[in-house]
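Numbering (our numbering), first residue to last: -14 to 141. Built from N, CA and C at the ideal position, the CB exists for glycine as well. Keep in mind it's a predicted model, so treat the numbers as computed, not measured.
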């Protein structure tokens, strides 16, 4: 996929078309595709840093990141998605890598908590997220809380 542009913005930095396209992608994936009606507009977008990939104005992958104390005591990543059109092109992996790097740079921390849909546990595990044992249903979808702690390199 060529001509992909990655963007990182706070809520107040969005243009109206960017906000529309991000919200459309979230509704298309979470509400329509996953057949899960839920209140996507949850008053957290205003507190998040948004990361997304787009091509010709169309959102292909997206997530929100939060500083400590907003969603969890640790920083966090949420509303992670790759659109159907973009799946299988490693955009999800790039998105999580960008999210981790952005959290470490902006929020100066190496602990990140997520609420992962259970079918993605292995995917997040590849980045170092570990199952905390807290499992629950969120909007009738099985989720597991996971925690990332950056492994410090030791000097020998």
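What three-state label does DSSP hand residue i in the structure shown?
i: residue 74; result: coil
i: residue 0; result: coil
i: residue 80; result: helix
i: residue 29; result: coil
i: residue 9; result: helix
i: residue 107; result: helix
Please go through the same chain and pick out, in chain order, the residues whose beta-carbon is closer than 6 Å to the beta-carbon of residue i, but skip the five residues on each side of it.
i: residue 47; result: 7, 10, 37 and 66
i: residue 32; result: 55
i: residue 75; result: none
Please name the residue, chosen from the options, that lies closest to residue i on a Cα-to-Cα basis.
i: residue 99; options: 119, 61 and 107; result: 61
i: residue 26; options: 39, -1 and 12; result: 12
i: residue 15; options: 123, 73 and 136; result: 123
i: residue 135; options: 59, 64, 71 and 118; result: 59
i: residue 52; options: 85, 69, 104 and 114; result: 85
i: residue 129; options: 101, 17 and 115; result: 101
i: residue 110; options: 81, 39 and 87; result: 81
i: residue 71; options: 88, 39, 49 and 97; result: 39
i: residue 24; options: -13, -4, 64 and -3; result: 64
i: residue 30; options: 127, 114 and -1; result: -1
Looking only at its chain, what residues have a beta carbon closer than 8 Å to the beta carbon of residue i, apart from the 5 residues adjacent to it on each side?
i: residue 2; result: 42
i: residue -11; result: 38, 39, 40, 45 and 76
Could you pull the DSSP bridge partners for residue i from this structure?
i: residue 120; result: 129
i: residue 46; result: 38 and 67
i: residue 115; result: 132
i: residue -13; result: DSSP output for residue -13 lists no bridge partner at all.
Taking 7 Å as the line, does the beta carbon of residue i fall inside it for any heavy atom of the ligand GTP?
i: residue 121; result: Ligands displayed in this structure: none; no statement on the ligand GTP is therefore possible.
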